[in-house]
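Inspection log for the structure reproduced underneath, given as structure tokens.
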Ligand SMILES: NC(=O)c1ccc[n+]([C@@H]2O[C@H](COP(=O)([O-])OP(=O)(O)OC[C@H]3O[C@@H](n4cnc5c(N)ncnc54)[C@H](O)[C@@H]3O)[C@@H](O)[C@H]2O)c1
């Protein structure tokens, strides 16, 4: 048997010399930027995806994510990057990082099928010393209770996950992704990377691998700690956003501007972090991840009341926006039924091309249900077709002749919009994002 240190030293050396082959499964918003980070550090990266369109685009040197330029894909290609749908190539990888979706099903429960499908496809190609890291956000216990058993059951050579330093086998770890699309304040490299392995060898190897692309690695004692770290971060945001969303509604009744309150409160140099109200939660993370923990908590006969309450407040926000639109129209002696309404922004947040779970979609559907004639404008989406929870089939409307609309509703505050011009040209503006801050006009309903 090879001594442990020698076994680990082999992969560590291959990482240090950039000979290690890195496979990344899931070429989406998380996996593709990660692939580019490794390529930027001269690793030869293979991107795996079941979507043939993505594989083809990447191999042609193109990009399907607005903030990633084709020139970045082409630079990665020069460092050896290529994409494939062929899982047998997993065998040639030294390390495989899994970045596939973790949505909720129709009962609001974790839908782990993307993770389990991926792991089952990887298992037949495992070899001694392989490092497999899950990055998809999930409940504590997934790596140990779901991923490892599937990898062990599905690999024909009977390889087991190494749990201690002197045990041979493959290595498994969890490392949460902390991507914040559109946030340019911190370079990706400067975001510390939390890593929890199923054994000390897995933690050590994953730490060395991530240490080659991140400035700081934070090793923790188990995958479950790393899994729960990610959920704590997202639940913290979800609960705090719900808090300001609720306080905003109170402040409005009291005639106080909540945004002015937040701006004042955030001058406190300690003990306060600003969160901002909005039309409801969006994106793949904050509306979904907390419920991964609520679901798991039930197995321990525990109710996560903060998560449930925050979920209820945030889910109600699009309905609150509808009420405010109705109030605004009412002042003009109009009803939602029969009104022409333009929704500005369908992306779930500013300056990104992602509309997953976007509150705009709910707001558009609610307005349509109430009989409004709805159009949308979003520089990032020429068309909005069918998603997991909606089927809108709408095309982008040019941002002109705004006077024709009974109301213009700012749901996403893209920085490309000229808000002063929008207010000037519109009859009524409902602003859910404080995008019209500093513009003084009786036409604006701020909510
Ligand atoms: N988007 C974010 O900002 C963000 C931030 C932090 C964490 N996360 C987490 O990262 C994970 C991935 O999210 P994302 O936003 O990148 O998702 P995404 O939908 O953008 O990308 C996932 C990719 O995986 C591919 N895929 C699905 N099943 C596959 C399979 N069996 N084999 C190969 N490829 C497969 C899909 O085709 C898709 O390209 C999720 O768990 C999410 O919660 C996302």
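Residue numbers (my numbering): 1 to 447.
Every residue gets a Cβ at the ideal spot worked out from N, C-alpha and C, and that includes glycine.
With C-beta atoms as the reference, is residue i less than 7 Å away from residue j?
i, j, result
"residue 93", "residue 178", "no"
"residue 169", "residue 161", "yes"
"residue 53", "residue 35", "no"
"residue 164", "residue 141", "no"
"residue 407", "residue 364", "no"
"residue 452", "residue 381", "The chain is shown only over 1 to 447; residue 452 falls outside these bounds and no answer can be derived."
"residue 241", "residue 275", "yes"
"residue 294", "residue 307", "yes"
"residue 354", "residue 414", "no"
"residue 62", "residue 70", "yes"
"residue 137", "residue 289", "yes"
"residue 491", "residue 39", "Here the chain covers residues 1 to 447 and nothing more, so residue 491 does not appear."
"residue 456", "residue 122", "There is simply no residue 456 to check, as the chain begins at 1 and stops at 447 in what is shown."
"residue 234", "residue 277", "no"
"residue 194", "residue 207", "no"
"residue 372", "residue 395", "no"
"residue 24", "residue 212", "no"
Check each candidate in the options and name the one with the smallest Cα separation from residue i.
i, options, result
"residue 27", "42, 60, 10 and 65", "65"
"residue 139", "298, 52, 345 and 50", "298"
"residue 349", "411, 128 and 110", "411"
"residue 106", "50, 293 and 389", "389"
"residue 156", "369, 239 and 128", "128"
"residue 398", "334, 376, 416 and 336", "376"
"residue 336", "59, 73, 84 and 405", "405"
"residue 209", "279, 323, 441 and 10", "10"
"residue 316", "325, 362 and 303", "362"
"residue 310", "280, 176, 252 and 217", "280"
"residue 204", "73, 77, 431 and 220", "220"
"residue 360", "387, 339 and 84", "387"
"residue 374", "343, 83 and 182", "343"
Can you give me the start and stop residues for the alpha helix (DSSP H) that residue i sits inside?
i, result
"residue 347", "Careful: residue 347 lies outside any alpha helix (DSSP H) and carries neither H nor E."
"residue 443", "That residue, residue 443, is in no alpha helix (DSSP H); it is neither H nor E in DSSP."
"residue 448", "Here the chain comprises residues numbered 1 to 447, so residue 448 is not present and cannot be evaluated."
"residue 220", "Per DSSP, residue 220 belongs to no alpha helix (DSSP H); it is in the beta strand (DSSP E), 217-220."
"residue 212", "From DSSP, residue 212 is part of no alpha helix (DSSP H); its letter is neither H nor E."
"residue 291", "289-298"
"residue 173", "Premise fails: residue 173 lies in the beta strand (DSSP E), 171-174, not in any alpha helix (DSSP H)."
If residue i sits next to residue j, beta carbons under 8 Å apart, how far is it from one beta carbon to the other, in whole angstroms?
i, j, result
"residue 318", "residue 392", "Going by Cβ atoms, the distance from residue 318 to residue 392 rounds to 14 Å, so no, they are not a contact pair."
"residue 223", "residue 174", "4 Å"
"residue 100", "residue 150", "So it is not a contact: roughly 13 Å between Cβ atoms."
"residue 189", "residue 215", "6 Å"
"residue 78", "residue 43", "Wrong, their Cβ atoms sit about 13 Å apart, outside the cutoff."
"residue 428", "residue 284", "About 33 Å; that fails the 8 Å criterion."
When we look at the beta-carbon of residue i and count the other beta-carbons within 10 Å, is it buried (16 or more) or exposed?
i, result
"residue 130", "buried"
"residue 113", "exposed"
"residue 272", "exposed"
"residue 269", "exposed"
"residue 232", "exposed"
Start and end of the beta strand (DSSP E) containing residue i?
i, result
"residue 82", "82-84"
"residue 197", "193-197"
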